[in-house]
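S.K.: Chains as they are written, first to last, in the numbering used here: chain A, 10 to 432; chain B, 244 to 1101; chain C, 347 to 506.
Glycine included, C-beta positions come from ideal geometry on N, C-alpha and C.
Keep in mind that this is a model prediction, so the values were computed, not measured.
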Ligand SMILES: Cc1cc2nc3c(=O)[nH]c(=O)nc-3n(C[C@H](O)[C@H](O)[C@H](O)COP(=O)(O)O)c2cc1C
Ligand code: SF4
Ligand code: SF4
Ligand code: FES
């Protein structure tokens, strides 16, 4: 058991979900009842604002600030979307969360929906999480029967319907605006604001998109107060706990709920059991496939939005992929870029054409056809990815760019030896 | 208004202007692929990157995505932006084939231009190029997907702008494909615009395939004369023949797009059978001889039977110069007053319409795009004036409500409310509407209307529409009352004569209250407006002429660029009359039946050969320039020479080497020039000081043009309507007679236009055969049932002497009691000699039992 | 033609949606589980239910990963080829699968039972290498585990 307080995972069981009854016994849905009885939407916003809850979907945007950007006179009906697309390689926290405590997600959705006065919420789930979707659908039904969802919840004026939407399956669907297009049955190309989805989202109505982990935190904030929430974290500016996923060359890969600001070294060495026998830490992607490689010298960084930002990295989704000294990072990067090139929505040129170009150059380097002149080309192309339409392409460039920054020697070695030195 | 600095130049632009457009106004053309003003920004290609130095944005940004704001300082040639754009070009060229020499876009390819100007000259990428399978998209558009650079212009135009649903982006990532679900002709009658907007050679004009290079073309601004809208075009010619038409942007008419009839319908001009020689009794003669002989014959008739024994018929497909000369010739010669409409009923309607228009009420096509409520009365936009549908769709995209009142099975590429009532009821409905509008406080904030609407004289009950129409009518009134910029569209084809004035009255009431909106009429031909302005005598019509021929008072008929045998509704009667004439003189450029019957024929020029002025349905006088020299197209001449020299199979055609076949001095001339020559043969020269300049004639004939010299046209043409229309029409008393009661065993016959297959000029273009489909007629399911007919039945409609055959389309979305028959070029609808317009049930027969279901054509 | 009850389910879903289009993926997924894959005819049928043209539906079908527009085997194996699985031996497992099933990537086994397709990260990196067969996830793959899974599926197929 962890030595840190468990919030989202407080009732995590080995083989089954925490049931509605169990959740209620541990104080579940109390926050919703309180909110509906005592809080104005502004009140909820203020509490969450004070708690400093930041989005867990990757960008760390303050949740209350997003909710507030729904115009007071915005049209109805309004929508809330809980994003559980989770297609970023290395990330599986949403899945674990759904399998552990679905009702905290549902309660979080209900409170957030109340806050923005949405009458319909969607949970957007990737297709191969069909099991998770089934759990959600079943538990939503139970919550409805128990009066926590549906018409006039708990006797209040507030009604909410939650719909589980199974995606067709593409990484880009997780991007907030592309997701909206996907939900509406259009091609999931991203949409450039303005107008922001909070003003004109689904069917041109105000719509808030939040990661489900973000939402799952909300009932606990209401229940225990902002100060408690802040106290959970080891750092000031990123309150709360965070679900970290560790995978790759570690002894016990898995998803761990730890305070924001837990040092990366601790997460890997302690919670994930350290590296496999015979493996040494070479590098990791700290926040999913779209973050930069991080090297042993940086292992003591704290895992929170700002500490990572200070050393020029991103915490992303907190999905840590660990590579050991036996793994070729050119090969790994080639694999990553292959992923991004395949998942590009095909809307804008840098991503659609540039990623395959990068893939081609990396493939040549990995397969002994590399040339020194590729290195500056790759560098400048990575920089140009930042001028693409959405954040997918810059994310895709991150591992490539950091490969050249931290592991240029390994790249050179491929070129000089005319083969992959790891083979 | 935001003021910003671009490349050290300051400019002030209206709020909402994109930086890319602000730069263009300064003459700085920022490279682009996906951006097209009409389609709005997409941000897909990333080619328009510029660097923002000061202001709310910093660094490299897409100039098509950013609204100009005060204090912005923008550099288009900052090294960082230039380097990025060069990279974008390299990316786009990774997969683009390097075979410009066999690509029809070559020479007018945006990708070529940007590749060169962006400085991308050396290929670094070693990967293979992506390839796709092309699709068959019909006779107009060739498809070569390998050339695609994924700017999404095509799909955005096709689906969002035009509202058609059979072409779009498929697949994902670098495999994105633009095409159809399966091979097959594009359903949109606006498909040709893909050729213009695709920045590479994916979609090219199939009809012009491999015939020309851009730099070899003779190009000139021209007009489309395939309907009354007068869209602006660029005509492209080579070797004395138009090979391609492109759209041209106009501030008042079309936003740069065209319909496929206007784009691909030019084949009449170089029709292989186009009569290019003057003829006397079907024998080729020099032009001068024919003119002299024609003059002699006319003088003879004047001598023997008086000047009034000579009549002239012109038409709305002639330019204004020609019509003016017809008028003048006839006046100076003291002939019977000329007619400019083959169809007498149509003449009355057009004249009524022209008299309704004034500068305040007449809105332009571009104004229609801005309406927030459109009421279309008796007009079928896609079929009668296709680009009108596109303009309506732009209004619809900005949330305008669209309501159509029309008996026909109307299709529009947008959602709309359709009141499918018979033609006679349209009139009643408008009278009620006018009354309701007059007694409603239109300036007040919209409030729910009483249901049913209270009418001062209890009109609605008298009108007795069925309840669904009443509900629709109620909703329509509410929409109009709540609108800010209501535009009324009004047709001339299927509606009665009083409809145009009622519609104008409604528009006026609305405009008085709202300060905006107006009326937009659709006329039957490109210069119908000009023809109506000239047609001096309101009483006289071609029917009088026909009667005159029949009773012998008219002995000579001069037909100028007109085909009465095609347009006059009673074919057999006209046929008979023509045989009674002593002298039929025809001037034309079409190989028409009327031409074949001429005693003397004088060839005239097409618009492309001499240019000309036309007044569109809004009253806008616009000019087309001459595009190419007069004469037989060189490839035709060569073909012919080859054939006669070595038999059919002989030799190649390239390079073309025969340059002429005609009799020297025998080329066609502009019709007004021919008339001028004829005038010379008839009237002593001294009397005519006007001869050199047709505009002097026009100034005399059209008071509105008195101060106009016919030169130096403003870009948007000249709006020739009076300041204020003569006066609102008096509301007619409501028709109380019972309308088509279901028991009546006949249908009202509506002869209508269709996008392809009915319009006179495009009918002569060979490619239209492939899209016009088979002749058909439409009936309401109730009527079909009562006649025992089913969708797809092959029918024969037999009336008196004539009959036509067509297959039946049963359509729910049309009025009961009418039969809609498009005037398909392959049926002799004139033989129905249907002036009364009713078809008894027993005249409709099924001719075969095996139902052949016909493909729908739009 | 769809069995009446499936059609009824679909129509209900569509009726419940804010706009029919919203149900496009669900409708195709459900029809696909009935037909095995989305043939051209099935696409047209689905378009009819959804008030979409076949082209509009095709825009979506070809965008996504889990709509099959060509015939597939009874079992569709999507084997994850993203980073963690790659690191944990995806390539040799793939080789093994290809030999075992006598297919190439993208192909269907000669007995028509198995289609092998790539897929990106399945969200089971903690149980990598992973694959998904007809919506069921198989993690912590080894050659032995693959052998037994395939064996079981084969038996299951022959039993029915
Ligand atoms: C390519 C791409 C994929 C994304 N995928 C996801 C995802 O699977 N789940 C998620 O919650 N956010 C994802 N995001 C982030 C979302 O755009 C959005 O920021 C987030 O859902 C907002 O929720 P939050 O404010 O609660 O973090 C993705 C972003 C990008 C650019
Ligand atoms: S960067 Fe461009 S192509 Fe890539 S996913 Fe975003 S919008 Fe689509
Ligand atoms: S086909 Fe032409 S217009 Fe369409 S996306 Fe490709 S390049 Fe652009
Ligand atoms: S023109 Fe601006 S991104 Fe294409």
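Cutting at 7 Å between CB atoms, please list the residues of its own chain near residue 425 of chain B, excluding the five before and the five after it.
M.R.: Result list for residue 425 of chain B: empty, nothing under 7 Å.
S.K.: By the three-class DSSP mapping on this structure, what secondary structure does residue 301 of chain B have?
M.R.: Residue 301 of chain B falls in the coil class under three-state DSSP.
S.K.: For residue 366 of chain C and chain A, any beta-carbon pair shorter than 9 Å?
M.R.: For residue 366 of chain C, the answer is yes, since a Cβ of chain A falls inside 9 Å of its Cβ.
S.K.: Would a C-beta distance cut-off of 9 Å place residue 130 of chain A and residue 169 of chain A closer than the cut-off?
M.R.: Yes, they are a contact pair.
S.K.: For residue 369 of chain B, which three-state DSSP category applies?
M.R.: Three-state result, residue 369 of chain B: coil.
S.K.: Would DSSP call residue 870 of chain B helix, strand or coil?
M.R.: Note: residue 870 of chain B maps to coil in three-state DSSP.
S.K.: Taking 7 Å as the limit, name every residue whose beta carbon sits nearer than that to some heavy atom of ligand 5, in sequence order.
M.R.: This structure lacks ligand 5; the ligands present are ligand 1, ligand 2, ligand 3 and ligand 4.
S.K.: With a threshold of 8 Å on Cβ separation, who are the neighbours of residue 86 of chain A within its own chain once the five nearest residues in sequence on each side are excluded?
M.R.: Hits under 8 Å: 127, 128, 129, 214.
S.K.: Listing by chain order, which chain C residues have their CB less than 9 Å from the CB of residue 1102 of chain B?
M.R.: With chain B covering only 244 through 1101, there is no way to say anything about residue 1102 of chain B.
S.K.: Starting from the C-beta of residue 948 of chain B, find all residues in its chain whose C-beta is less than 7 Å away, skip the five residues before and the five after it, and write them out in chain order.
M.R.: Hits under 7 Å: 941, 942, 963.
S.K.: So, is the C-beta of residue 101 of chain A closer than 9 Å to a C-beta in chain C?
M.R.: At least one chain C Cβ lies under 9 Å of residue 101 of chain A.
S.K.: Quick one, are the C-beta atoms of residue 100 of chain A and residue 297 of chain A less than 9 Å apart?
M.R.: Yes, they are a contact pair.
S.K.: Cα separation between residue 298 of chain B and residue 163 of chain A?
M.R.: Their Cα atoms are separated by approximately 51 Å.
S.K.: Can you grab the Cα-Cα spacing for the pair residue 103 of chain A / residue 759 of chain B, in whole Å?
M.R.: Taking the straight line from one Cα to the other gives about 55 Å.
S.K.: For the beta strand (DSSP E) containing residue 1081 of chain B, name the first residue and the last one.
M.R.: Taken as a continuous stretch (DSSP letters only), the beta strand (DSSP E) holding residue 1081 of chain B covers 1081 to 1083.
S.K.: Sort out for me which residues DSSP pairs residue 1045 of chain B with in a bridge.
M.R.: DSSP lists B/1042 as partners of residue 1045 of chain B.
S.K.: Using a Cβ-Cβ cut-off of 9 Å, state whether residue 186 of chain A counts as contacting chain C.
M.R.: It does not; no Cβ of chain C falls within 9 Å.
S.K.: Out of A/379, A/227, A/140, A/290, which has the shortest C-alpha to C-alpha gap to residue 52 of chain A?
M.R.: Nearest option by C-alpha distance: A/227.
S.K.: So, with DSSP's three-state summary, where would you put residue 386 of chain B?
M.R.: Of the three classes helix, strand and coil, the one that applies to residue 386 of chain B here is strand, per DSSP.
S.K.: Using 9 Å as the threshold, is the C-beta distance between residue 617 of chain B and residue 625 of chain B below it?
M.R.: Going by C-beta atoms, residue 617 of chain B is not nearer than 9 Å to residue 625 of chain B.
S.K.: For residue 320 of chain A, count the other beta carbons within 10 Å of its own beta carbon; 16 or more makes it buried, fewer makes it exposed. Which is it?
M.R.: The residue is exposed, with fewer than 16 neighbouring Cβ atoms inside 10 Å.
S.K.: Interface residues of chain C around residue 98 of chain A at Cβ under 8 Å?
M.R.: Within 8 Å Cβ-Cβ: 428, 429, 430, 466, 467, 471.
S.K.: Using a Cβ-Cβ cutoff of less than 6 Å, which residues in the same chain neighbour residue 1099 of chain B once the five nearest sequence positions on both sides are dropped?
M.R.: Note that residue 1099 of chain B scores 45 on pLDDT, short of 50, meaning its location in the model is unreliable; the coordinates nonetheless yield the value given after this. Result list for residue 1099 of chain B: empty, nothing under 6 Å.
S.K.: If we cut at 9 Å on Cβ distances, does residue 417 of chain B have a partner in chain A?
M.R.: So yes, residue 417 of chain B belongs to the interface.
S.K.: Report buried or exposed for residue 1057 of chain B, applying the criterion of at least 16 other Cβ atoms within 10 angstroms of its Cβ.
M.R.: Burial call: buried.
S.K.: In this structure, does DSSP put residue 450 of chain C in helix, strand or coil?
M.R.: Residue state, collapsed to three classes: coil.
S.K.: Where does residue 1099 of chain B fall in DSSP's three states?
M.R.: Residue placement at residue 1099 of chain B cannot be trusted, given a pLDDT of 45 that sits under 50; what the coordinates show is reported in the next sentence. In this structure, residue 1099 of chain B counts as coil in the three-state DSSP scheme.
S.K.: May I have the straight-line CA-CA distance separating residue 875 of chain B from residue 679 of chain B, to the nearest angstrom?
M.R.: For residue 875 of chain B and residue 679 of chain B, the distance between alpha carbons rounds to 60 Å.
S.K.: Which value, in whole angstroms, describes the spacing of the CA atoms of residue 533 of chain B and residue 1013 of chain B?
M.R.: Whole-angstrom Cα-Cα distance: 38 Å.
S.K.: Between residue 137 of chain A and chain B, is any beta-carbon pair separated by less than 9 Å?
M.R.: No, because no Cβ of chain B sits closer than 9 Å to the Cβ of residue 137 of chain A.
S.K.: Can you grab the Cα-Cα spacing for the pair residue 827 of chain B / residue 666 of chain B, in whole Å?
M.R.: Cα to Cα, the separation comes out at about 37 Å.
S.K.: Determine, for residue 420 of chain B, whether the minimum Cβ-Cβ distance to residues of chain C falls below 9 Å.
M.R.: Output row for residue 420 of chain B: interface = yes.
S.K.: Helix, strand or coil: how does DSSP classify residue 933 of chain B here?
M.R.: Note that residue 933 of chain B has pLDDT 48, beneath the 50 cutoff, so the model's placement of it is unreliable and the number below is only indicative. The answer is coil: DSSP assigns residue 933 of chain B none of H, G, I, E or B.
S.K.: Sort A/337, A/380, A/224, A/63 by Cα distance to residue 132 of chain A and report the nearest one.
M.R.: It is A/224 whose Cα lies nearest to the Cα of residue 132 of chain A.
S.K.: Should residue 476 of chain B and residue 452 of chain B be called a contact, given that it needs their Cβ atoms to be closer than 9 Å?
M.R.: Not in contact: residue 476 of chain B and residue 452 of chain B (Cβ atoms no closer than 9 Å).
S.K.: Listing by chain order, which chain A residues have their CB less than 8 Å from the CB of residue 408 of chain B?
M.R.: Ordered by position in chain A, no residue passes the 8 Å Cβ test against residue 408 of chain B, which lies about 13 Å from the chain.
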